[in-house]
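2 protein chains.
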Amino acid sequence: MLTIKNIGELALFPPGPIGGRAMGKVERITSAAVVVDEDRIAWLGPESELDASIGGDVLNAEGGCVLPGLIDCHTHTVFAGTREHEFVRRIAGDSYEQIARDGGGIRVTVEAVRSASCDQLVELALPRLARMLRNGVTTVEIKSGYGLTVADELKMLEAIARLKKLQPIELVPTYLAAHTVPREFDGRGDAYLDAILDEKVLLRISGEGLAEFCDVFCETTAFDVAQSRRVLQAAKKFALTPKLHADQITQIGATVLAGEVGAISADHLETIDDAGIDAMKKAGCVAVLLPGCSFYLGVKQAPARRLIEANLPVALATDYNPGSAMVESLPLVMGIAATQMRMTPVETVIAVTANAAAALNRADRLGAIRVGMQADLVVLDVPNLERLVYEPGRNCVRTVIKNGSIVVSPG
Amino acid sequence: MLTIKNIGELALFPPGPIGGRAMGKVERITSAAVVVDEDRIAWLGPESELDASIGGDVLNAEGGCVLPGLIDCHTHTVFAGTREHEFVRRIAGDSYEQIARDGGGIRVTVEAVRSASCDQLVELALPRLARMLRNGVTTVEIKSGYGLTVADELKMLEAIARLKKLQPIELVPTYLAAHTVPREFDGRGDAYLDAILDEKVLLRISGEGLAEFCDVFCETTAFDVAQSRRVLQAAKKFALTPKLHADQITQIGATVLAGEVGAISADHLETIDDAGIDAMKKAGCVAVLLPGCSFYLGVKQAPARRLIEANLPVALATDYNPGSAMVESLPLVMGIAATQMRMTPVETVIAVTANAAAALNRADRLGAIRVGMQADLVVLDVPNLERLVYEPGRNCVRTVIKNGSIVVSPG
Numbered sequence: 018m019l020t021i022k023n024i025g026e027l028a029l030f031p032p033g034p035i036g037g038r039a040m041g042k043v044e045r046i047t048s049a050a051v052v053v054d055e056d057r058i059a060w061l062g063p064e065s066e067l068d069a070s071i072g073g074d075v076l077n078a079e080g081g082c083v084l085p086g087l088i089d090c091h092t093h094t095v096f097a098g099t100r101e102h103e104f105v106r107r108i109a110g111d112s113y114e115q116i117a118r119d120g121g122g123i124r125v126t127v128e129a130v131r132s133a134s135c136d137q138l139v140e141l142a143l144p145r146l147a148r149m150l151r152n153g154v155t156t157v158e159i160k161s162g163y164g165l166t167v168a169d170e171l172k173m174l175e176a177i178a179r180l181k182k183l184q185p186i187e188l189v190p191t192y193l194a195a196h197t198v199p200r201e202f203d204g205r206g207d208a209y210l211d212a213i214l215d216e217k218v219l220l221r222i223s224g225e226g227l228a229e230f231c232d233v234f235c236e237t238t239a240f241d242v243a244q245s246r247r248v249l250q251a252a253k254k255f256a257l258t259p260k261l262h263a264d265q266i267t268q269i270g271a272t273v274l275a276g277e278v279g280a281i282s283a284d285h286l287e288t289i290d291d292a293g294i295d296a297m298k299k300a301g302c303v304a305v306l307l308p309g310c311s312f313y314l315g316v317k318q319a320p321a322r323r324l325i326e327a328n329l330p331v332a333l334a335t336d337y338n339p340g341s342a343m344v345e346s347l348p349l350v351m352g353i354a355a356t357q358m359r360m361t362p363v364e365t366v367i368a369v370t371a372n373a374a375a376a377l378n379r380a381d382r383l384g385a386i387r388v389g390m391q392a393d394l395v396v397l398d399v400p401n402l403e404r405l406v407y408e409p410g411r412n413c414v415r416t417v418i419k420n421g422s423i424v425v426s427p428g
Numbered sequence: 018m019l020t021i022k023n024i025g026e027l028a029l030f031p032p033g034p035i036g037g038r039a040m041g042k043v044e045r046i047t048s049a050a051v052v053v054d055e056d057r058i059a060w061l062g063p064e065s066e067l068d069a070s071i072g073g074d075v076l077n078a079e080g081g082c083v084l085p086g087l088i089d090c091h092t093h094t095v096f097a098g099t100r101e102h103e104f105v106r107r108i109a110g111d112s113y114e115q116i117a118r119d120g121g122g123i124r125v126t127v128e129a130v131r132s133a134s135c136d137q138l139v140e141l142a143l144p145r146l147a148r149m150l151r152n153g154v155t156t157v158e159i160k161s162g163y164g165l166t167v168a169d170e171l172k173m174l175e176a177i178a179r180l181k182k183l184q185p186i187e188l189v190p191t192y193l194a195a196h197t198v199p200r201e202f203d204g205r206g207d208a209y210l211d212a213i214l215d216e217k218v219l220l221r222i223s224g225e226g227l228a229e230f231c232d233v234f235c236e237t238t239a240f241d242v243a244q245s246r247r248v249l250q251a252a253k254k255f256a257l258t259p260k261l262h263a264d265q266i267t268q269i270g271a272t273v274l275a276g277e278v279g280a281i282s283a284d285h286l287e288t289i290d291d292a293g294i295d296a297m298k299k300a301g302c303v304a305v306l307l308p309g310c311s312f313y314l315g316v317k318q319a320p321a322r323r324l325i326e327a328n329l330p331v332a333l334a335t336d337y338n339p340g341s342a343m344v345e346s347l348p349l350v351m352g353i354a355a356t357q358m359r360m361t362p363v364e365t366v367i368a369v370t371a372n373a374a375a376a377l378n379r380a381d382r383l384g385a386i387r388v389g390m391q392a393d394l395v396v397l398d399v400p401n402l403e404r405l406v407y408e409p410g411r412n413c414v415r416t417v418i419k420n421g422s423i424v425v426s427p428g
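Protein chains in written order, with our numbering: chain D, 18 to 428; chain A, 18 to 428.
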């Protein structure tokens with residue numbers, strides 16, 4: 018038993034997905050306590066109503082706000098190499114296309130990942146995950162997609178599987194072999210899809226639990242709608258739930274496809290249109306926005322307010338990757354969403370907890386503080402949730418509890 | 018003696034101010050070493066040329082990049098209270114004016130500072146400065162301006178004076194009594210100026226070293242050009258060097274005034290015009306940009322590229338304050354400048370070192386790595402300076418050396 022006392026504000030909202038105006042609603046219990054029994058939340062309420070006979074350990078929240086553990090539901094945290102020189106070229110005005118023509122872009126990361134061993138990928142990712150945990154993040158989705166051969170994609174998924182056992186964050190693997198067409202298949206995207214959608218490959222990924230989701234970059238420079246449909250329908254046969262990189266740069270109908278295939282989420286959405294919004298609503302699809310990416314690229318943000326007004330459940334994630342979003346801090350991304358997209362602090366909190374859990378098919382267990390839910394909790398050093406978003410760039414996390422255990426302590 | 022060995026990249030540029038294209042130029046010595054003798058840099062160069070007979074302590078930079086200690090040349094770090102509820106109202110669409118009419122805005126901070134003792138202001142500022150130091154910041158300018166009575170302004174300056182002795186960062190105090198017209202003087206700005214420009218007050222501030230600079234918020238909602246001129250001319254008589262909050266919201270000629278009075282810097286500049294640029298160039302005025310503020314308010318950034326092309330020396334600072342820029346991380350502000358203003362990483366580094374030192378009249382001693390300069394140095398955990406800007410929101414600082422002493426160590 019672990020009792021968290023002296024909680025300045027306990028933030029309560031239902032499990033996700035939470036759409037539209039309901040995203041602005043939070044119940045706050047002040048002077049609260051939470052009792053954790055093994056890995057579950059056993060009781061919560063005003064500290065004055067706490068059963069005095071409860072034994073076990075006590076954690077003093079020192080008046081801090083307590084939130085569900087944060088969930089980063091779209092990342093590329095397993096990668097090798099950095100691309101700071103490309104970053105400098107983009108600032109100087111070179112386009113992504115120019116940089117790609119000169120051998121830059123995603124292919125640089127693909128080469129580095131292909132050259133790395135699984136052990137090396139694990140070693141590179143561990144400190145990243147350790148820093149994410151200190152930022153209050155207790156669940157992270159990680160995509161493959163920098164191998165672009167069956168063997169290298171499997172190596173990335175294997176690295177994620179190993180990382181699960183080496184640190185406390187719950188990792189959620191996604192198969193993103195359809196990230197881009199690799200150099201060897203230039204002009205032969207369908208042939209590349211033949212390789213990565215081989216039934217034996219999908220059977221292994223699904224059977225060994227190497228991925229839960231299958232994602233595709235549906236974009237003029239990657240895979241068109243017909244190809245993306247093919248990827249996601251093939252994956253569904255092997256119980257890999259569809260996700261899409263959709264409507265980022267060009268409007269080609271990716272979010273309409275998301276609705277059609279019943280994707281659990283469509284991610285990016287900078288150029289989403291009304292048809293896409295309708296399709297996502299009908300399919301119950303979570304809108305995952307990645308404001309750190311638009312910030313990093315210095316381009317227009319997704320229309321968060323429009324999506325919330327359309328009653329979609331909006332989630333936020335870092336998109337952490339070495340090309341378009343070398344931003345690993347989910348709280349900073351919440352600050353970017355607040356200042357650049359006008360999402361309120363309450364909306365950003367729900368977007369990285371209840372709705373992010375829904376985007377990862379874990380809303381029954383993660384993303385909200387309720388009796389019976391998993392005890393993934395973050396204790397802040399500030400008295401209300403607004404302060405977490407009000408101070409971008411400062412780590413306000415004092416203590417992190419994962420699955421009932423204290424995994425980050427103050428100092 | 019302290020020898021820093023195994024430096025992956027030592028970034029060299031001349032002392033500030035550095036204007037225009039020269040801001041893009043840096044000399045990089047790889048596999049470098051630096052020798053520190055007492056508080057000064059005694060030698061620097063390739064490690065292969067290091068005198069093997071030098072004794073003393075050795076610091077292994079482990080291949081990290083070494084930069085001058087970062088300088089935050091425009092902050093309001095001494096304050097009391099927070100304004101997260103106003104932050105939420107702004108996101109919801111309320112204007113600063115509406116919030117001010119409802120009793121919000123700067124006056125909330127003024128009330129909190131007036132109610133606080135000098136000791137309390139010191140206690141509140143200490144952890145902020147400790148975090149700034151861990152971000153590699155070794156010199157911080159701090160303004161008064163939340164007291165708005167002579168006694169409360171002196172209390173703020175006294176707090177800065179005490180803070181100088183309590184922690185390693187070099188603090189540079191600025192008298193900003195002309196921050197806004199306090200409630201008691203509503204509609205009587207000139208009468209307020211009579212009070213704060215009283216010769217006995219200015220004599221004490223100058224004589225006791227309570228401030229080095231005098232700043233004024235030259236804006237339609239604060240002090241007009243004639244009033245601002247009066248403030249800065251009065252201050253100059255007492256050897257308080259002029260600075261201005263200029264051209265932030267409205268173009269009323271504040272940067273032209275900066276040139277006229279020979280201000281050492283004009284800060285903000287979101288609405289600067291050609292006349293202002295010319296005036297600043299003629300006066301040798303440093304352009305201090307505050308991209309964290311525009312980011313925080315979700316408004317247009319200052320035209321950094323235009324100012325650099327006009328050959329002005331550009332500095333960057335956080336503007337850290339509880340209303341318009343609750344952003345304490347200078348490296349994050351460098352990232353905002355790179356992604357939102359298209360300043361290159363090299364330009365951002367020079368902007369927070371050589372040029373920030375120039376904005377604080379310390380370019381002879383701080384802001385560049387040269388033999389004879391003060392040994393304020395930052396060792397990064399990344400091999401080149403680009404990486405510091407490439408990874409916004411991650412603290413890349415491994416070791417901080419202030420005045421020849423190690424004040425932040427890894428871990």
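We treat Cβ as the ideally placed atom computed from N, Cα and C, and that holds for glycine.
- Apart from sequence neighbours up to five positions away, the residues of its chain that approach glycine 270(A) with a beta-carbon distance below 7 Å are Val242, ordered along the chain.
- Three or more Cβ pairs drawn from the segment 305-324 of chain D and the segment 288-296 of chain D lie within less than 8 Å of each other, which places the two stretches in contact.
- Listed in chain order, the non-local C-beta contacts of threonine 288(D) below 8 Å within the same chain comprise Asp264, Gln265, Ile266, Thr267 and Gln268, local neighbours out to five positions each way being set aside.
- Not a single CB atom of chain D sits nearer than 8 Å to the CB of glutamate 114(A).
- Within the segment 151-185 of chain A, no residue has a Cβ lying closer than 7 Å to any Cβ of chain D.
- Per DSSP, the beta bridge partners of histidine 262(A) are Phe234(A) and Asp284(A).
- Proximity to threonine 258(A) across Arg221(A), Met149(A), Ala376(A) and Ser346(A) peaks at Ala376(A), based on C-alpha coordinates.
- Beta bridge pairing from DSSP links leucine 87(D) with Val154(D).
- With 16 or more other Cβ atoms inside 10 Å of its own Cβ, glycine 36(A) counts as buried.
- Non-local C-beta neighbours of valine 248(A) in its own chain, meaning closer than 6 Å and more than five positions away in sequence, comprise Ala195 and Val233, ordered along the chain.
- Residue pairing by DSSP places aspartate 54(A) opposite Arg57(A) in a beta bridge.
- As computed with DSSP, serine 422(A) is found in a beta bridge with Lys419(A).
- With contacts defined by Cβ atoms closer than 8 Å, valine 130(D) and phenylalanine 96(D) form a contacting pair.
- By the neighbour-count criterion, in which a residue is buried when 16 or more other Cβ atoms sit within 10 angstroms of its Cβ, alanine 168(D) is exposed.
- Rounded to the nearest whole angstrom, the CA to CA distance from alanine 178(D) to serine 223(D) is 13 Å.
- In this structure threonine 191(A) is buried. Its beta-carbon is surrounded by 16 or more other beta-carbon atoms within 10 angstroms.
- Distances from the alpha-carbon of threonine 361(D) to those of Asp111(A), Ser65(A), Val43(A) and Gly25(A) put Asp111(A) closest.
- Residue burial annotation: serine 134(D) is exposed, with fewer than 16 other C-beta atoms found within 10 angstroms of its C-beta.
- Arginine 415(D) is positioned such that its CB atom lies closer than 8 Å to that of leucine 397(D).
- Proximity of glutamine 357(D) to chain A, defined by a Cβ-Cβ separation below 8 Å, is satisfied.
- At a cut-off of 8 Å between C-beta atoms, glutamate 326(A) does not count as an interface residue with respect to chain D.
- With fewer than 16 other beta carbons inside 10 angstroms of its own, aspartate 136(D) counts as exposed.
- Boundaries of the beta strand (DSSP E) around alanine 28(A): 19-29.
- Considering only Met149(A), Ser48(A) and Ala109(A), the residue with the shortest C-alpha distance to threonine 356(D) is Ala109(A).
- Residues of chain D whose Cβ lies closer than 9 Å to the Cβ of glycine 315(A) are, in chain order, Ala355, Thr356, Gln357, Met358 and Arg359.
- Scanning its chain for C-beta atoms nearer than 8 Å, with the 5 sequence neighbours on each side dropped, one finds around glycine 62(A) the residues Ile46, Ala49 and Ala50, in chain order.
- As DSSP reads the structure, glutamine 391(D) sits in a beta bridge with Arg57(D).
- Within the same chain, Cβ atoms closer than 8 Å to the Cβ of asparagine 401(D) are found at Gly25, Glu26, Arg45 and Cys82, the five residues on either side in sequence being excluded.
- Assigned with DSSP and collapsed to three states, arginine 404(D) falls in helix.
- With a 10 Å radius around the Cβ and a threshold of 16 neighbouring Cβ atoms, asparagine 77(D) comes out exposed.
- Counting only Cβ-Cβ distances below 9 Å, proline 362(D) has contacts in chain A at Glu101, Phe104, Val105 and Ile108, in chain order.
- Glycine 80(A) is outside the set of residues whose beta carbon lies under 8 Å from a beta carbon in chain D.
- Judged by their CB atoms, alanine 332(D) and alanine 300(D) are not nearer to each other than the 8 Å cut-off.
- The closest CA to that of phenylalanine 30(D), considering only Leu210(D), Gly276(D) and Val369(D), is found on Val369(D).
- Interface residue (Cβ-Cβ distance to chain D less than 8 Å): proline 409(A) is classified as such.
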